[in-house]
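Trainee: This is the structure I have questions about; it appears just below.
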Ligand SMILES: Nc1ncnc2c1ncn2[C@@H]1O[C@H](COP(=O)(O)OP(=O)(O)OP(=O)(O)O)[C@@H](O)[C@H]1O
Ligand SMILES: [Mg+2]
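Residue numbers (the working numbering), protein chains in the order written: chain A, -10 to 511; chain B, -14 to 324.
This is the structure we're talking about:
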């Protein structure tokens, strides 16, 4: 997605109603037929008359920018939201709205954008949730483990069913949720950004899984911001913009450039800019940081103005870095220096006072207070650093406005709770919250997790600017493209160990992917 | 540098809400009046009682209700802030009982009133602080820790009185029984406390920290909020307000008798706060809601007395009101955008 698609100017994103597009599929009978669905929140329209047909045995990708209404649409489909108007026809019946139960009974299952496992239960219990096998009126635990194990291994997922869901990485959570939904055996499977923060490898596994299901005749609704992924996976693509349908066509008729243009309404260019050379002094130095088996003897030195990427499969060592650098957890050993000064380990206040800002990849649990407004979340850290005593909404809005502007945060209504924003917009709020607090060094964990093409380019530019301002940036990523786009140097980790370190000029993307995969201990 | 994503501009927000925003049923309108459903219940109860019992609207009775709810209101105010921050204190009523008994004993032994007020408030604050220390530095859930201290303090209150009633003569009786411009002093104190709490929650960083902590403690910590310090302060604040409630109650009754205040009082306050829409999980709460909750419970109690309902039914009815109000709140929350 870091390429710069150029689109001939004549290409216009004309709305083609799926009704008039002859389905290119052998089975002409649509499984689900959605007509004219509208939905608004507090007077602002999130969906404006969307039509869609789902065919069995087809992967139907839904694309659009952050806040375009993709999640809202699939929420309507899966009964989470009731549409204000419009109909859903399935199984020969016309419905004006579904409940979650109803949708489930009709065979619509969905993996939502935010993972919703019960964190205290085991993987096995989560997989069988609501359908635990019983014997003599009590839960038959042996069967639970067996059935869950079968459901997981049947999909080639290698996760111990006895693990507690709360300890899973995001990638593993996704797999478990897919396994659960697949086990329930729906005719329609909705996946809302299933690969948003998975490593190339895990994402491949999820995609293989989706293909298998498609071949078994399931109608898959697949939401993703990754254009390459969608082009290679989808049979049919529907593009939404501002809640309205822009285009719906077989994937073969679309190309990447047309897609971007349809989603964004313009071309998106994201190229590595010429950044000033890093300064000589060290901004962030990490020496032999170790914690249990998650991270072993990790060292890295980031100069001011330099971007160093730590690349590894999601959930590997680099995710532990957030806990250690932010001071949430104390490392077993090792030293952190910011701007040459040691930062006492395991203390959040010390880490912040030292000028280290850590942006989590898990914005729901560690990033944002979902119930507070956008403005308050944006200024949550900044106002505390400034030791403000008084809180006035008007002043807050005035301070937050430029940040909103710079980071392109879009909300349907003025200043709603941040939890109602689309995923990508929440990510922008999270970045705005931290990057505007005069950092000396920054740790960014998957900063473009779940954001659209245009926003990704914007965020890359923001990170470039951050480095250009002389901030030392340590970037944890699971995406080789992002690393190639942003980093000056890359450290590849695997199973908690550093397996390679390269200057970005001295390596190609393919070599990088090979190193990242080659480092995997089998 | 300004980065905007042009097509994502929310042009819809400015457009006419007309067709799309049409509510499908009337209950969807409720959320637009904050606490609308609750106010409706309150008005219904009040009107019903006024029609059924003439005595309800007599100034004597209304003053009485005001005095009664004032004490609960002070406890409920502190609790609103604490619960918004994700905390819980079941021991405030018992703390009030201890304060009340200690103050009565000291007054009966001839201490001067100002000295007694200072000593009892300090004592109450310390009790709150101990709760705070236990909750913050051990991993015991606030629910459990403060329930334990509630029982413990109820016992201490009995020990302090040693099974007797202690009268304080007419010391402090002005606070408990006089009024200015028709408003009892107690109510003025309660209104001050409520107003200060409301202002704190809305206009100070301290108050907003409470919302952030209640909403997501991890995020609050990571954002540089001194969560532990804030918790201690909040529990201490709950303590001092409990002490104040104890003194108010003492001034109204003129004597300390066994089993005054205590856990039962606290449960009423908790009920009032929950009725007012403050979330048990934290992150959400308003003083306005708490005021309505306190008044509602006070009026219901008074109505049951006036209508001479068998006292055995009173708890049943109070419980019923709590349930109905909680359900009404939940409805409003669900149907409002952004949950
Ligand atoms: N419960 C809600 N209350 C208010 N507004 C909402 C609610 N849910 C969604 N919205 C708004 O509706 C719009 C569409 O949101 P939606 O989540 O469908 O976007 P999306 O296409 O899934 O974006 P993303 O790619 O970022 O996930 C957004 O502007 C969002 O703020
Ligand atoms: Mg979404």
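Think of the CB as a built atom: it goes at the ideal place given N, C-alpha and C, for glycine as much as any other residue.
Under 7 Å from any heavy atom of ligand 2, by CB: list those residues in chain order, please.
Mentor: Here the residues come out as A:59, A:60, A:102, A:181, A:182, A:212, A:411, A:412.
Trainee: Using DSSP with H/G/I as helix, E/B as strand and the rest coil, what is residue 491 (chain A)?
Mentor: Residue 491 (chain A): strand per DSSP, three-state reduction.
Trainee: Have a look at residue 171 (chain B) and residue 205 (chain B) and give me their C-alpha separation to the nearest angstrom.
Mentor: C-alpha separation (whole angstroms): 36 Å.
Trainee: Please tell me whether residue 196 (chain A) and residue 222 (chain A) are closer than 9 Å, where the distance is taken between their beta carbons.
Mentor: Yes, Cβ-Cβ distance for residue 196 (chain A) and residue 222 (chain A) is below 9 Å.
Trainee: Could you tell me whether the Cβ atoms of residue 47 (chain B) and residue 232 (chain B) are closer together than 9 Å?
Mentor: No, the Cβ-Cβ distance between residue 47 (chain B) and residue 232 (chain B) is not below 9 Å.
Trainee: Would you kindly work out how many angstroms separate the C-alpha atoms of residue 68 (chain A) and residue 179 (chain A), rounded to a whole number?
Mentor: Using only the alpha carbons, I get a separation of about 12 Å.
Trainee: Could you tell me which of B:67, B:72, B:56, B:69 sits nearest to residue 85 (chain B), measuring between CA atoms?
Mentor: For residue 85 (chain B), the nearest C-alpha among the options comes from B:56.
Trainee: Quick check on the DSSP output: the alpha helix (DSSP H) that includes residue 31 (chain B) runs from which residue to which?
Mentor: Per DSSP, residue 31 (chain B) belongs to the alpha helix (DSSP H) from 21 to 37.
Trainee: Count the other CB atoms, across all protein chains shown, that sit within 10 Å of the CB of residue 298 (chain B); report buried if there are 16 or more and exposed otherwise.
Mentor: Classification for residue 298 (chain B): exposed.
Trainee: Under 7 Å Cβ to Cβ from residue 96 (chain A), same chain only, skipping five residues before and after it: list those, please.
Mentor: Once the five neighbours on either side are set aside, the close Cβ partners of residue 96 (chain A) are 175, 176, 177.
Trainee: Counting only the same chain and skipping the five closest in sequence on each side, list residues whose C-beta sits under 8 Å from that of residue 222 (chain B).
Mentor: Cβ neighbours of residue 222 (chain B) beyond the five flanking positions: 63, 66, 67, 113.
Trainee: Using the rule of at least 16 other Cβ atoms within 10 Å of the residue's Cβ for burial, across every protein chain shown, is residue 514 (chain A) buried or exposed?
Mentor: Residue 514 (chain A) lies beyond the stretch modelled for chain A, which goes from -10 to 511, so this question has no answer here.
Trainee: When you compare each of B:23, B:142, B:36, B:39 to residue 241 (chain B) by their alpha carbons, which one comes out closest?
Mentor: Closest by alpha carbon: B:142.
Trainee: Does the beta-carbon of residue 75 (chain A), which I'm using as the reference point, lie nearer than 8 Å to any heavy atom of ligand 1?
Mentor: Answer for residue 75 (chain A): no, Cβ out of range of ligand 1.
Trainee: Just the C-alpha distance for residue 78 (chain B) and residue 249 (chain B), rounded to the nearest angstrom, thanks.
Mentor: Distance between the alpha carbons of residue 78 (chain B) and residue 249 (chain B): 7 Å.
Trainee: Quick check: the Cα distance between residue 101 (chain A) and residue 126 (chain B), rounded to an integer number of angstroms?
Mentor: Those two C-alpha atoms are separated by around 31 Å.
Trainee: Please name the residue or residues paired with residue 279 (chain A) in a DSSP beta bridge.
Mentor: A:322.
Trainee: Please classify residue 208 (chain B): is it buried, with 16 or more other beta-carbons within 10 angstroms of its beta-carbon, or exposed?
Mentor: Looking at its Cβ environment, which holds 16 or more other Cβ atoms inside 10 Å, residue 208 (chain B) is buried.
Trainee: Beta carbons nearer than 8 Å to chain A: which residues of the region 204 to 225 of chain B have them?
Mentor: Flagged, chain order: 204, 205, 206, 207, 208, 209, 210, 211.
Trainee: Are there any heavy atoms of ligand 4 lying less than 8 Å away from the beta-carbon of residue 402 (chain A), as far as the coordinates show?
Mentor: Of the ligands this structure carries, namely ligand 1 and ligand 2, none is ligand 4.
Trainee: Cutting at 7 Å between CB atoms, please list the residues of its own chain near residue 139 (chain B), excluding the five before and the five after it.
Mentor: Excluding positions up to five away in sequence, the list reads 79, 82, 247, 248.
Trainee: Among B:20, B:31, B:18, B:95, which has the Cα closest to the Cα of residue 284 (chain B)?
Mentor: When only C-alpha atoms are compared, the closest one is B:31.
Trainee: Residue 312 (chain B): buried (16+ other C-beta within 10 angstroms of its C-beta) or exposed?
Mentor: It is exposed - the Cβ of residue 312 (chain B) has fewer than 16 other Cβ atoms within 10 Å.
Trainee: With a threshold of 9 Å between beta-carbons, can residue 13 (chain A) be considered close to chain B, or not?
Mentor: Residue placement at residue 13 (chain A) cannot be trusted, given a pLDDT of 49 that sits under 50; the coordinates are not used to answer.
Trainee: When we look at the beta-carbon of residue 512 (chain A) and count the other beta-carbons within 10 Å, is it buried (16 or more) or exposed?
Mentor: There is simply no residue 512 (chain A) to check, as chain A begins at -10 and stops at 511 in what is shown.
Trainee: Does any CB atom of chain B fall closer than 9 Å to the CB of residue 370 (chain A)?
Mentor: Yes, residue 370 (chain A) lies at the interface with chain B (some Cβ there is under 9 Å from its Cβ).
Trainee: Starting from residue 68 (chain B), follow the alpha helix (DSSP H) in both directions and report where the run begins and ends.
Mentor: Taken as a continuous stretch (DSSP letters only), the alpha helix (DSSP H) holding residue 68 (chain B) covers 44 to 69.
Trainee: Roughly how far, in whole angstroms, is the beta-carbon of residue 280 (chain B) from the beta-carbon of residue 23 (chain B), given that I think they are within contact range, below 8 Å?
Mentor: Not really, about 10 Å apart at Cβ, beyond 8 Å.
Trainee: To the nearest whole angstrom, what separates the beta carbons of residue 203 (chain A) and residue 47 (chain A), a pair I think is in contact under 8 Å?
Mentor: At roughly 7 Å, the Cβ-Cβ gap stays under 8 Å, so residue 203 (chain A) and residue 47 (chain A) are in contact.
Trainee: Do residue 482 (chain A) and residue 301 (chain A) have their CB atoms nearer than 9 Å?
Mentor: A contact, by the Cβ cut-off of 9 Å.
Trainee: Taking just the CA atoms, how far does residue 216 (chain A) sit from residue 248 (chain A)?
Mentor: Their backbone Cα atoms lie some 8 Å apart in a straight line.
Trainee: Can you confirm whether residue 329 (chain B), when its beta carbon is compared against all beta carbons of chain A, has any partner nearer than 9 Å?
Mentor: Any property of residue 329 (chain B) remains undetermined from this structure, which presents chain B solely from -14 to 324.
Trainee: Note down the Cα distance separating residue 130 (chain A) from residue 253 (chain B), rounded to an integer number of angstroms.
Mentor: When rounded, the distance between both Cα atoms is 43 Å.
Trainee: To which residues of the same chain is residue -5 (chain A) closer than 6 Å at the C-beta, ignoring the five residues directly before and after it?
Mentor: Residue placement at residue -5 (chain A) is flagged as unreliable, the pLDDT there being 40, under the threshold of 50; a coordinate-derived value is accordingly withheld.
Trainee: Can you tell me whether DSSP reads residue 377 (chain A) as helix, strand or coil?
Mentor: Reduced to three states, the DSSP call for residue 377 (chain A) is coil.
Trainee: Name the chain A residues whose beta carbon is nearer than 8 Å to that of residue 188 (chain B)?
Mentor: Neighbours of residue 188 (chain B) on chain A, chain order: 379, 380, 381.
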